[in-house]
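Numbering-wise (numbering that gives the first Met the number 0), the sequence shown opens with residue 0 and increments by one.
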Amino acid sequence: MQQSDRHFTLRLAGDSRDLAAAQRLRYRVFVEELGADGPLVDHDARLECDAFDEVFDHLLLIDTRRDAAQMEDVVGVYRLLPGAPGQRFYSEDEFDISALKASGKRLLELGRSCVHPDYRGGAAMFHLWNALAEYVLARDIEVMFGAASFHGTDADVLAQPLANLYHNHLAPEDLRVRAIGPNAQRMDLIGAQDVDRVAAMLGTPALIKAYLRLGGFVGEGAYVDHAFNTTDVCLVMDTGQMSARHRRFYERKQA
Numbered sequence: 000m001q002q003s004d005r006h007f008t009l010r011l012a013g014d015s016r017d018l019a020a021a022q023r024l025r026y027r028v029f030v031e032e033l034g035a036d037g038p039l040v041d042h043d044a045r046l047e048c049d050a051f052d053e054v055f056d057h058l059l060l061i062d063t064r065r066d067a068a069q070m071e072d073v074v075g076v077y078r079l080l081p082g083a084p085g086q087r088f089y090s091e092d093e094f095d096i097s098a099l100k101a102s103g104k105r106l107l108e109l110g111r112s113c114v115h116p117d118y119r120g121g122a123a124m125f126h127l128w129n130a131l132a133e134y135v136l137a138r139d140i141e142v143m144f145g146a147a148s149f150h151g152t153d154a155d156v157l158a159q160p161l162a163n164l165y166h167n168h169l170a171p172e173d174l175r176v177r178a179i180g181p182n183a184q185r186m187d188l189i190g191a192q193d194v195d196r197v198a199a200m201l202g203t204p205a206l207i208k209a210y211l212r213l214g215g216f217v218g219e220g221a222y223v224d225h226a227f228n229t230t231d232v233c234l235v236m237d238t239g240q241m242s243a244r245h246r247r248f249y250e251r252k253q254a
């Protein structure tokens with residue numbers, strides 16, 4: 000950590016309090032800010048929960064100056080699930096990921112990434128990604144993937160950024176996941192020649208743009224999640240195919 004960030008601590012959730020603090024931050028961001036809901040959301044306790052929480056690791060960014068007793072200390076969260084034989088992933092409710100499972104590569108599903116509003120635009124996400132790098136390296140992960148969201152469910156409003164992803168950032172066939180079910184949405188609503196790259200990038204969330212800069216791709220088709228008030232794409236990153244420059248973002252200097 001830099002001296003200016005001396006109040007930050009990064010670690011995996013270690014007990015039920017840590018998990019509840021992560022769920023409290025998720026409630027603030029996904030429910031209160033973005034209008035999400037779901038069958039396991041606890042509005043009385045202000046916790047955004049789901050059935051997968053018990054099997055995921057939860058990477059926490061903690062500000063030690065904030066009140067831990069009131070679960071206000073967690074200011075950033077990443078949810079992480081390494082692949083294992085027979086493992087079902089959260090993304091499989093929205094996407095067919097059989098290509099990833101058939102690849103034989105070591106997989107890591109990412110999700111529920113969020114940062115407290117007071118910590119956006121600073122170093123919070125940088126620290127979360129550095130900690131993610133350590134996690135990835137320690138487990139020799141070869142492919143990271145997970146749903147990333149656009150706010151809103153109107154595909155026409157999102158036509159430019161979705162088409163740009165489809166025409167310019169589609170995953171290779173051997174790693175291409177596909178949206179499934181009645182909420183699947185085509186992304187090629189605009190022809191490649193009609194994509195306004197500037198408008199498309201302005202309409203793309205910062206987290207998705209960051210993954211693209213690191214060499215990530217998207218699967219085919221989006222998924223309209225009415226419960227979360229989002230339109231989701233599945234991001235896929237093969238760490239073995241990153242350029243040396245991109246891999247340095249994830250690799251720590253060795254002593």
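Glycine is no exception: its CB is placed at the ideal position from the N, C-alpha and C atoms.
Just so we're clear, the structure is a prediction, and the values are computed from it rather than from any experiment.
Query raised in the report: Which runs of the alpha helix (DSSP H) fall wholly inside the segment 50-111 and span at least 4 residues, in chain order?
Result: Whole alpha helix (DSSP H) segments, 4+ residues: 97-101.
Query raised in the report: From the DSSP output, which residues share a beta bridge with Phe-227?
Result: Here the question's residue 227 lines up with position 228 in the sequence shown. None, per the DSSP bridge assignment.
Query - Segment contact, 8 Å Cβ cut-off, at least three pairs: the segment 92-101 with the segment 169-182 - result: Yes: at least three Cβ pairs fall under 8 Å.
Query raised in the report: Do Tyr-77 and Leu-18 have their C-beta atoms closer together than 8 Å?
Result: Taking the sequence shown and counting its residues from 1, the one referred to as residue 77 is at position 78. Taking the sequence shown and counting its residues from 1, the one referred to as residue 18 is at position 19. No. Outside cutoff.
Requested in this report: Please classify Ala-170: does DSSP put it in a helix, a strand, or coil?
Outcome: In the sequence shown, residue 170 corresponds to position 171, counting from 1. Correct three-state label for Ala-170: coil.
Query raised in the report: What do you reckon, are the CB atoms on Leu-169 and Phe-216 nearer than 8 Å?
Result: Your numbering for residue 169 matches position 170 in the sequence shown. Your numbering for residue 216 matches position 217 in the sequence shown. Closer than 8 Å, so yes.
**Report entry** Which residues DSSP lists as bridging Phe-29, in chain order
**Finding:** Counting from one through the sequence shown, the residue named residue 29 turns up at place 30. Note: Phe-29 is not bridge-paired with any residue in the DSSP secondary-structure output.
Query raised in the report: Which word fits Val-30, buried or exposed, when buried means at least 16 other C-beta atoms lie within 10 angstroms of its C-beta?
Result: Within the sequence shown, numbered from 1, the residue matching residue 30 stands at position 31. Buried: at least 16 other Cβ atoms inside 10 Å.
Query raised in the report: Among Tyr-118, Gly-202 and His-225, which has the Cα closest to the Cα of Ala-35?
Result: Translated into the one-based positions of the sequence shown, residue 35 becomes position 36. Cα-wise, what sits closest to Ala-35 is His-225.
Query raised in the report: What residue does the alpha helix (DSSP H) around Arg-212 start on, and which one ends it?
Result: In the sequence shown, the residue the question calls residue 212 occupies position 213. Per DSSP, the unbroken alpha helix (DSSP H) holding Arg-212 starts and ends at 205-212.
Query raised in the report: Would the beta-carbon of Val-73 fall within 8 Å of that of Ala-122?
Result: Counting from one through the sequence shown, the residue named residue 73 turns up at place 74. Counting from one through the sequence shown, the residue named residue 122 turns up at place 123. Taking C-beta atoms as the reference points, Val-73 and Ala-122 fail to come closer than 8 Å.
Query raised in the report: Would you report the Cα separation of Gln-69 and Pro-81, rounded to the nearest angstrom?
Result: Position 70 of the sequence shown, counting from 1, holds the residue named residue 69. Position 82 of the sequence shown, counting from 1, holds the residue named residue 81. The C-alpha of Pro-81 is placed about 30 Å away from the C-alpha of Gln-69.
Requested in this report: Taking the CB atoms as reference points, tell me whether Val-142 and Leu-109 lie closer together than 8 Å.
Outcome: Taking the sequence shown and counting its residues from 1, the one referred to as residue 142 is at position 143. Taking the sequence shown and counting its residues from 1, the one referred to as residue 109 is at position 110. No; because the gap between Cβ atoms is not below 8 Å, this pair is not in contact.
Query raised in the report: DSSP three-state call for Ala-158: helix, strand or coil?
Result: Translated into positions along the sequence shown, residue 158 becomes position 159. If DSSP states are grouped into helix, strand and coil, Ala-158 belongs with the helices.
Report task. Assign Phe-55 to buried or exposed, taking buried as 16 or more other Cβ atoms, counted over all protein chains shown, within 10 Å of its Cβ. Result -> Looking up residue 55 in the sequence shown gives position 56. Counting of Cβ neighbours within 10 angstroms places Phe-55 among the buried residues, the total reaching 16 or more.
Query - Sequence-distant residues of the same chain with beta carbon closer than 7 Å to Arg-111, five excluded per side - result: As a working mapping, residue 111 is identified with position 112 in the sequence shown. Counting only Cβ-Cβ distances below 7 Å, and skipping sequence neighbours, we find Arg-25, Val-76 and Arg-78.
Query raised in the report: Out of Ala-44, Arg-65 and Leu-157, which has the shortest C-alpha to C-alpha gap to Asp-117?
Result: Mapped onto the sequence shown, residue 117 falls at position 118. Looking at Ala-44, Arg-65 and Leu-157, the one whose alpha-carbon comes closest to that of Asp-117 is Arg-65.
Query raised in the report: If you run the structure through DSSP and keep just helix, strand and coil, what is Arg-10?
Result: On the sequence shown, residue 10 is found 11 positions in, with the first residue counted as 1. Here Arg-10 sits in strand by DSSP.
**Report entry** Glu-32: CB within 7 Å of a non-hydrogen atom of the ligand GDP
**Finding:** For the ligand GDP, the structure offers nothing, since it holds no ligand at all.
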